[in-house]
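Just so we're aligned, residue 1 is where the sequence shown starts under UniProt numbering, counting upward by one. Working notes for the structure below.
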Amino acid sequence: MRVKKLSLLKCHFLNDYEILLTSLFVFLVLISSGLITISWIAIKESGEDTIFGKSHEVRGMFKIVSGATYTPSLEDKLSTDFKVLAYDLQQMVDEIFLTSHLKDEYKGSKVLQFKNGSVLVIFDLFFAKWVSDENTKNELIQGIEANNQLMPFHIDLSSIYVTGTLNIICADKLTTSNPPTTKVECLPGSKLCTDTLNCISEELFCDGEPNCSDASDESSRICATACDGNFMLTGSTGYFHSLNYPKPHNSNNFCQWIIRVHQGFSIKLNFSTFDTYYSDMLNIYEGIGPNKILRASLSGPNPGTIYIFSNQATVKFLIDSDEKDYIGFNATYTEFNSSELNNFDKINCNFEDGFCYWIQDLKDDNQWERVQGNTFPPMTGPDYDHTLGNFSGFYISTPTGPGSRKERVRLSSLSLIPSSDPVCLSFWYYMYGENVYRLSINISTKYDVEKTIFHKEGNYGNTWNYGQVTINEKVEFEVLFDAYKNGYLSDIALDDISLANGICNKSPYPEPTLVPTPPPELPTDCGGPQELWEPNTTFSSMNYPNNYPNQAFCVWYLNAEKGKNIQLHFEIFDLENVADVVEIRDGRGDNSTLLAVYTGLGPVKDVYSTTNQMTVLFITDELLNKRGFLANFTTGYHLGMPELCKQNEFQCMNGECIPTANVCDNYQHCTDGSDETHCVQLVNGTLSVDGLVQFRIHNEWHVACAENWTNQLSNDVCHLLGLGNVNTSSQLFSTGGGPFVKLSIGLNGSLILMPSEKCFNDSLIHLFCNPKPCGKQLVVQENNHKIVGGNNAREGAWPWMVSLFYNKRLLCGASLINNEWLVSAAHCVYGRNLIPSQWEAIMGLHSTLNLTNSQTVIRVIDQIIINPHYNKRTKDSDIALMHLEFKVNYTDYIQPICLPEAIQVFPPGMNCFIAGWGRIIHQGSTATILQEAQIPLISNEKCQQQMLEYIITENMICAGYEEGGVDSCQGDSGGPLMCQENNRWFLAGATSFGYQCALPNRPGVYVRIPKFVKWIKSFTSPMLSRKILL
């Protein structure tokens, strides 16, 4: 084995020559490093210049307090969550500055980072020239304030911070991969971690979740409370107490603890002592960090036992008073296994030791209070509890005191496991006071909406009353006690809630009666349906002239002798506007047609039937009520109808009579213009754009001869029909007997019509016109195949999309079909049709945050036409037309969509698109950016199987995914279902109804537009625009 000797290193001193060379080498290295750095900066600036050009750049920060929720994925710039939120915020900021006084200087924005603390947003703004920080901040604040009602985000204005010095924003290596060499300076509201590299919101310190990279924000060194020196309480049991306990505590003090027990366990809190002033609050949260949920807010007397159904809890104690006669509290926590609780454990409670396992949501209007003894003020609640029947016992009550606000308070059980046998829920309730309103018990499951299984309304006297109800649920469920409190003397109390096996036996206690006994409830059907004949012709809403009942549905059938018709007159009319309506229909039953919908305050116009029967429906909601109506009817012959015109006269749509020679002469003789609306047509074709040409002369149709026919004549006729240029023209042999007409073009370009008994060689002209340009997206779109489950549409994606505002509030959507008419849903305008000018249509809109964008055009509606076959109960024929007060000019962002042919088929399985600004989730907020989604059509048969509570008729078309996730929703109503054929988009449907939004096997239902094309064109066909000479 060889052994290598180790030699000692000897020290060698450099001579002068070696020192010189070494110094030169170091100098060259420094120069090279400098050149590399300068080059890197130049390259970096060049890269940014390609986006924003040479810019003045400022950096800023603000805090979103609602509308966005912090998740760790927001700190990953490659995550979808980061990209989606960053995009929405950049759109918002861009829209604010592009409509501000800085719009000429503003170049763009970029979201750099999100931080925890609600959601902290750090961003850069780019300007073409220097702009002061103060001016930038003011414009941002003003923009947010101006659009506050339309924004999806609630931004804390006091948190907005803007600076031109880019290195003072605290963030994790925002612009460089190397850590800064100097200490970072934090924005207001943020604090520096001990690593001196990162800033986080002050709210995130000592919240139980480490946010600093070194977890220094949760260090006991900085988080230990002044109360007892503790902060993080771990283990299966422990204790904590207020400052100086058991001596009185000091004023203006704050302490916070984090409790953490073993995973899978929950926390039980007991207070051996609890003595605080009413304004000194002990708040107990389920969970830790910014997403914790407030479960109890305690002050005053001992609250008893508190349960937190999580292995982590946050406790905060804030002394906000100067009172020094209170000793505070001493608390003990222990862990317990909540999974071992059975249904009886979860329900049974006499409130002697707190709320047991019942839960309150502190986001409700208010909370139940645990009370000992009588409530205040007197004559509003019990004098003592039910369990013990003396002043030492406890019960729960709606908020006591003389408050005047109406509110609901809710008590929720834990989730209960269904059993094969029914169970009996029993309880004692107390409803005493002149303004007591309602107590109800509801069952809630994750599959259905809540259902009410028990309810009482009114004053049941100064006594505890027994209640019971049998429950037989087959899926997991929760029990909810809801008390609806009016102002002042209106408290409701509960005690001794229990659960027992089996159905409820007959109650051993008498059923309580109201004090005083109220008059009998008014029938909500008004005692009907009622058949009325002359002379019994006067009728009114129930209880007239006093207020009518809520939730009424009343029907009157008015009858006349055969051959006669009916005139309905309202002497008095006073209804809650929009919500309560009188609907009048011509005839009765399924084949009746809509004559009028009246609401609000009269007077209203008389209504005339065309048959000997009329149906009157009175429908009210569950809220306000008013005096109602008093009506009468008369019968006769041709009541309200125009007199028949003489021979050789034409009857206008409004009943006027004009000479037949004036029909279709290019001059408007009827005041409604109906003499010039249907003057040329194509007949015997396969589509609406082809057929033999006919002109109406002296109110008689004449077939056009092919003699001397030119291509110019073909184009002129196509244009008169509101179509594009001719596609093809051909001659056909005549087999009919006329009458005929020969066409030529006059010197002034007018069309000359010459009636004739015969065509040369019996030759007729057949035209095939091109459709008028429609259904084209003029703004280049990306192929984004990815409303509920949709995406933000690009600007100009759907240029026929119209946003409908009613009384300045976004309500529905519509589709532009030409430069003056819109198609929407009848249910949108039902009850809102009496004053069309209350509606505004906004075209070219992309974001509801910017209604005055240069691309948008706003028009007032001056006419609303509801399809006469619309039935609000069955939802059939849910379509309406709306006319613009002034025509709109087409742009790249405003274009019409194509109407389909009446025979056009959109087959099941075809992928189409929907769009709108409706709710993003069921009962959620509406979208600010236009949403779009691709969705497949399904057959009516399959739709009927999945929508059993509705009748799916041939006038409807359905679309949706079996798995759900994509659908139209509230606010999208009336908007288009768009299908593409031959590179053109057709209006296949208009959004009508659905069951909630985007549920599995719950498709959306739309009006099938091809069924209504003839009706649509009867109102929207163009008037003659070219001089015609006879």
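A virtual CB, placed ideally from N, CA and C, is assigned to each residue, including glycine.
Quick one: Cα of ASP104 to Cα of GLY143, how far?
16 angstroms
| Inter-residue CB distance, ILE141 and LEU157 (contact presumed, cutoff 8 angstroms) | 6 angstroms
(request) Would you kindly work out how many angstroms separate the C-alpha atoms of ILE938 and GLY974, rounded to a whole number? (result) 19 angstroms
CYS554: first and last residue of the uninterrupted beta strand (DSSP E) it sits in: 553–559
Note to self: By the DSSP assignment, the beta strand (DSSP E) with VAL616 in it spans what residues?
What the structure shows: 613–619
Alpha carbon to alpha carbon, how far is ASP878 from LEU362? 41 angstroms
Exercise. Would you grab the beta carbon distance between residue 1078 and GLN613 for me? Rounded to a whole angstrom, and I think it's under 8 angstroms.
Key: Past the boundaries of the shown model lies residue 1078; the chain is included only from 1 to 1030, so the question cannot be answered.
query = Excluding the five sequence neighbours on either side, which residues of its own chain have a C-beta within less than 6 angstroms of the C-beta of ALA880, listed in chain order?
reply = SER824, ALA826, VAL829, ILE866
Q: Compare the Cα-Cα distances from ASN727 to each of GLU583, THR194, LEU767 and report the closest residue.
A: LEU767
Within its chain, find whatever has a CB closer than 7 angstroms to the CB of GLN681; leave out the 5 residues flanking it on each side and keep chain order.
GLN694
Check your understanding: Do LEU425 and VAL469 have their C-beta atoms closer together than 8 angstroms?
Key -> yes
*Report back the beta-carbon spacing between SER118 and VAL65 to the nearest angstrom; my notes put them in contact at under 8 angstroms.*
5 angstroms
Tell me the DSSP secondary structure of HIS785 in three-state form. With a pLDDT of 40 at HIS785, under the threshold of 50, the modelled position of that residue is not reliable, and no figure is offered here.
- Message: Between ALA988 and CYS979, how many whole angstroms is the CB-CB distance? I'm expecting something under 8 angstroms.
- Response: 4 angstroms
Is there contact here, the segment 768–779 with the segment 704–722, by at least three beta-carbon pairs under 8 angstroms?
yes
Report task. Report all residues from its chain with a CB closer than 7 angstroms to the CB of ASP172; omit the five preceding and five following residues, and keep chain order. Result -> Unreliable placement is indicated for ASP172, whose pLDDT of 38 sits below 50; the coordinate value is still reported in the next sentence. Cβ within range, chain order: ASN198.
Q. If we ignore side chains and look at the alpha-carbon of each, how far apart do GLU67 and VAL423 end up?
A. Checking the displayed sequence, the identity of residue 67 turns out to be Gly instead of Glu. For GLY67 and VAL423, the distance between alpha carbons rounds to 42 angstroms.
Between the beta-carbon of GLN870 and the beta-carbon of TRP839, is there less than 8 angstroms? Residue identity check: residue 870 is Tyr in the sequence provided, not Gln. Against a cut-off of 8 angstroms, the Cβ pair of TRP839 and TYR870 comes out as no contact.
Is there at least one non-hydrogen atom of the ligand SAM closer than 7 angstroms to the beta-carbon of LYS758?
Ligands are entirely absent from the displayed structure, and the ligand SAM is therefore not among its contents.
Exercise for review: Kindly identify the DSSP beta-bridge partner or partners of ARG585.
Suggested key: LEU594, THR615
Quiz item: Below 8 angstroms between beta carbons: does that hold for SER392 and ASN330?
Solution: no
Point to revise | Given LYS406 as reference, the closest of GLN668, SER674, ASP491 once Cα atoms are compared | key: ASP491
Close-in-space but distant-in-sequence residues of the same chain around ASN472 (CB under 6 angstroms, 5 per side omitted): PRO422
Tell me the start and end of each unbroken beta strand (DSSP E) in the segment 679–724 that is at least 3 residues and wholly inside, in chain order.
680–683, 690–697, 700–704
Notebook entry, point to check: What separation, rounded to the nearest whole angstrom, lies between the Cα atoms of HIS702 and LYS646?
Noted result: 22 angstroms
Using C-beta distances below 6 angstroms, list every residue in its chain close to GLN372, excluding the 5 sequence neighbours before and after it, in chain order. PHE394
Taking the C-alpha atoms as reference points, what is the distance between GLU203 and LEU243? 22 angstroms
*asked:* For ASN178 and PHE114, I'd like the C-alpha separation in whole angstroms.
replied: Reliability of the predicted coordinates at ASN178 is poor, the pLDDT of 41 falling under 50, and the value obtained from them is presented with this limitation in mind. Those two C-alpha atoms are separated by around 20 angstroms.
Under a three-way DSSP split, which group does THR175 fall into? Its pLDDT being 34, under 50, THR175 is placed unreliably by the model, and nothing is read from it.
So is LEU233 buried or exposed if we call it buried at 16+ other beta carbons inside 10 Å?
buried
Residues of its chain near LEU9, where Cβ-Cβ distance is below 6 angstroms and the 5 sequence neighbours each way are ignored
Unreliable placement is indicated for LEU9, whose pLDDT of 31 sits below 50; the coordinate value is still reported in the next sentence. Contacts found: none.
* Asked: Between which two residues does the beta strand (DSSP E) carrying TYR239 extend?
  -> 237–241
query = Three-state secondary structure (DSSP) at LYS83?
reply = helix
- Quick one: measure Cβ to Cβ for ASP574 and LEU595, integer angstroms, because I've assumed they're closer than 8 angstroms. ASP574 to LEU595, Cβ: 21 angstroms. No contact.
Quick check on LYS247: does DSSP put it in helix, strand or coil? coil
* To do: Return helix, strand or coil for LYS346, following the three-state DSSP convention.
  => helix
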